[in-house]
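Working notes, structure below.
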Amino acid sequence: MSSIAYVCDEAMVEYHRLSQHKEILFWRIATKRKFSDFHVGDLLFFYARTRYSNEKKFVGYGHFTEIKRLSLRQMWKEYEEKTGYDSFRALEQAIQKAARHKIPAKMNCLVLKNVVFFARPIHSEEVGLNLSKSLESFSYMDHHQPSATSDILKIAEKEGINIWSNAADKQTEEVFAMDAIEQRFLSLSYFYPNEFSDRLQHEQKILLEKKENWKVRKDFRYRIENNQKMKIEIPIPKFGQLRQRNIQLFIGRWTCILAELRKEYPKMEIQLNTFGQDEEIKEIVKKVY
Numbered sequence: 001m002s003s004i005a006y007v008c009d010e011a012m013v014e015y016h017r018l019s020q021h022k023e024i025l026f027w028r029i030a031t032k033r034k035f036s037d038f039h040v041g042d043l044l045f046f047y048a049r050t051r052y053s054n055e056k057k058f059v060g061y062g063h064f065t066e067i068k069r070l071s072l073r074q075m076w077k078e079y080e081e082k083t084g085y086d087s088f089r090a091l092e093q094a095i096q097k098a099a100r101h102k103i104p105a106k107m108n109c110l111v112l113k114n115v116v117f118f119a120r121p122i123h124s125e126e127v128g129l130n131l132s133k134s135l136e137s138f139s140y141m142d143h144h145q146p147s148a149t150s151d152i153l154k155i156a157e158k159e160g161i162n163i164w165s166n167a168a169d170k171q172t173e174e175v176f177a178m179d180a181i182e183q184r185f186l187s188l189s190y191f192y193p194n195e196f197s198d199r200l201q202h203e204q205k206i207l208l209e210k211k212e213n214w215k216v217r218k219d220f221r222y223r224i225e226n227n228q229k230m231k232i233e234i235p236i237p238k239f240g241q242l243r244q245r246n247i248q249l250f251i252g253r254w255t256c257i258l259a260e261l262r263k264e265y266p267k268m269e270i271q272l273n274t275f276g277q278d279e280e281i282k283e284i285v286k287k288v289y
């Protein structure tokens, strides 16, 4: 999962916030920089100047849903004010300005859903991100700082989400809570890495099939049903040699991950199950977790 810091027009973002939009459309003028590591469900953070400062800060985010190729008129016909402008003319003028008065026949458009705005803007330096002040397009956040996404949501979790922009949809609070849990879990899985050999990790990958409504990582899959319940499933390869060492590595890693997660979210039920060719591990997991 990747998160992107996306440079946005502050007036457009403010319009979305005041309009309480939960689904929005971002258009992109043709650029050499393309999204090479951004997938459905990943988070796009709005990185914009704020009303009281010329510095860009994180003001909210949305869940990436799809990319569409649309003309200006198709954009307005399908999304209207969800483009961030209150009229076709205002949208047209914004695109003309960005495209230097030559509007492309078609543009790449990002559709975002479950949009959330923060109670206050969050500075990139608060989470250890050193983004260039001259950043003009976007930057992969977790490539620079693996826990950046989790840390931003942790700050927002403490200080709250924007009351006005999220007043119309109480579901937003649960979406945000689930996002915070998910990003913290993924951050922990990075800091406590899989120490199996390359061969064993390859076998895990083979065992790990896609499952409806589950998200898949390299060596496990998971499902967050709500902000009170989470399930994790881990494939166990046939250990063979160094069996005891591999069992210790497995138990040690997941004990640390679950201990920290349960400490931060004590009311959440976390179910961990294994599958594969090793019955002994299944029994150990039942006893330990």
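Counting from 1, one number per residue, gives the positions in the sequence shown under this note's numbering.
For glycine and all other residues, C-beta sits at the position ideal for the given N, C-alpha and C.
On a Cα-Cα basis, can you pick out the residue from the options that is closest to residue i?
{"i": "Arg28", "options": "Ala156, Ser197, Phe64, Asn108", "result": "Asn108"}
{"i": "Gly128", "options": "Arg49, Lys231, Gly252, Gln145", "result": "Gln145"}
{"i": "Ile234", "options": "Phe250, Gln241, Arg243", "result": "Phe250"}
{"i": "Leu44", "options": "Phe58, Asn54, Gly240, Arg243", "result": "Phe58"}
{"i": "Leu258", "options": "Ser134, Ser150, Met230, Ile281", "result": "Met230"}
{"i": "Lys215", "options": "Arg253, Val40, Gln204", "result": "Val40"}
{"i": "Ser137", "options": "Gln183, Lys34, Val116", "result": "Lys34"}
{"i": "Ser299", "options": "Lys211, Ile206, Leu153, Lys68", "result": "For residue 299 there is no data in the structure shown, the boundaries of the chain being 1 and 289."}
{"i": "Lys170", "options": "Thr274, Tyr15, Asn114", "result": "Asn114"}
{"i": "Lys218", "options": "Tyr190, Gln241, Ile181, Gln228", "result": "Tyr190"}
{"i": "Glu81", "options": "Leu131, Phe26, Phe38, Phe64", "result": "Phe26"}
{"i": "Met178", "options": "Leu188, Asn227, Met141", "result": "Asn227"}
{"i": "Ala11", "options": "Ile181, Lys56, Gln248", "result": "Lys56"}
{"i": "Gln244", "options": "Glu203, Phe196, Lys267", "result": "Phe196"}
{"i": "Glu260", "options": "Leu200, Glu203, Leu186", "result": "Leu186"}
{"i": "Tyr140", "options": "Ser36, Glu212, Val175", "result": "Ser36"}
{"i": "Arg69", "options": "Ala105, Arg199, His101, Tyr52", "result": "Ala105"}
{"i": "Phe64", "options": "Val175, Asp42, Gln74, Ile281", "result": "Asp42"}
Excluding five sequence neighbours on each side, which residues of the same chain lie with their C-beta closer than 6 Å to the C-beta of residue i?
{"i": "Ala98", "result": "Ile29"}
{"i": "Phe239", "result": "Asn246"}
{"i": "Arg262", "result": "none"}
{"i": "Ala156", "result": "Phe118"}
{"i": "Arg184", "result": "Ser150"}
{"i": "Val285", "result": "Thr274"}
{"i": "Ser124", "result": "Leu131"}
{"i": "Glu66", "result": "Val111"}
Leaving aside the five residues before and after residue i along the sequence, list all residues of the same chain whose C-beta is less than 8 Å from its C-beta, in chain order.
{"i": "Glu92", "result": "Leu72, Ile103"}
Following the continuous alpha helix (DSSP H) through residue i, name the residue where it begins and the one where it ends.
{"i": "Val175", "result": "171-191"}
{"i": "Gln204", "result": "198-207"}
{"i": "Leu141", "result": "Here residue 141 is Met; the residue named in the question, Leu, does not match the sequence. 141-144 is the extent of the alpha helix (DSSP H) around Met141."}
{"i": "Ser150", "result": "148-159"}
{"i": "Ser19", "result": "10-19"}
{"i": "Ile244", "result": "The sequence shown places Gln at residue 244, rather than the Ile named in the question. Taken as a continuous stretch (DSSP letters only), the alpha helix (DSSP H) holding Gln244 covers 243-264."}
{"i": "Leu290", "result": "With the chain running from 1 to 289 in the structure shown, residue 290 is simply not present."}
Output yes if chain D places a C-beta closer than 8 Å to the C-beta of residue i; else output no.
{"i": "Val216", "result": "Absent here is chain D; the protein component of the structure consists of one chain."}
For residue i and residue j, which I take to be in contact (beta-carbon distance under 8 Å), what is that distance rounded to the nearest angstrom?
{"i": "Arg221", "j": "Leu208", "result": "6 Å"}
{"i": "Ile236", "j": "Gln271", "result": "Incorrect: roughly 16 Å between the Cβ atoms, too far for contact."}
{"i": "Thr172", "j": "Val116", "result": "6 Å"}
{"i": "Tyr85", "j": "Tyr15", "result": "7 Å"}
In terms of residues, what are the limits of the beta strand (DSSP E) holding residue i?
{"i": "Glu55", "result": "53-70"}
{"i": "Phe26", "result": "24-28"}
{"i": "Leu43", "result": "43-50"}
{"i": "Leu272", "result": "269-276"}
{"i": "Ile234", "result": "229-236"}
{"i": "Ile122", "result": "107-122"}
{"i": "Asn226", "result": "221-226"}
{"i": "Ile4", "result": "3-7"}
Give every residue of the same chain whose Cβ lies closer than 7 Å to the Cβ of residue i, excluding the five residues on either side of it in the sequence, and list them in chain order.
{"i": "Tyr192", "result": "Arg253, Cys256, Ile257"}
{"i": "Glu126", "result": "Ile155"}
{"i": "Ile24", "result": "His16, Gly62, Lys82, Gly84, Leu112, Val115"}
{"i": "Phe88", "result": "Trp76"}
{"i": "Glu182", "result": "Ile224"}
{"i": "Tyr79", "result": "Leu25"}
{"i": "Ser19", "result": "Glu81"}
{"i": "Lys211", "result": "Arg221"}
Taking one C-beta from the region 44-55 and one from the region 5-24 each time, how about it: are there three or more such pairs within less than 8 Å?
Touching, per the Cβ criterion.
Assess contact between the region 147-160 and the region 112-127, defined as three or more Cβ pairs (one per stretch) separated by less than 8 Å. Is contact present?
Touching, yes, given that three or more Cβ pairs across the two stretches are closer than 8 Å.
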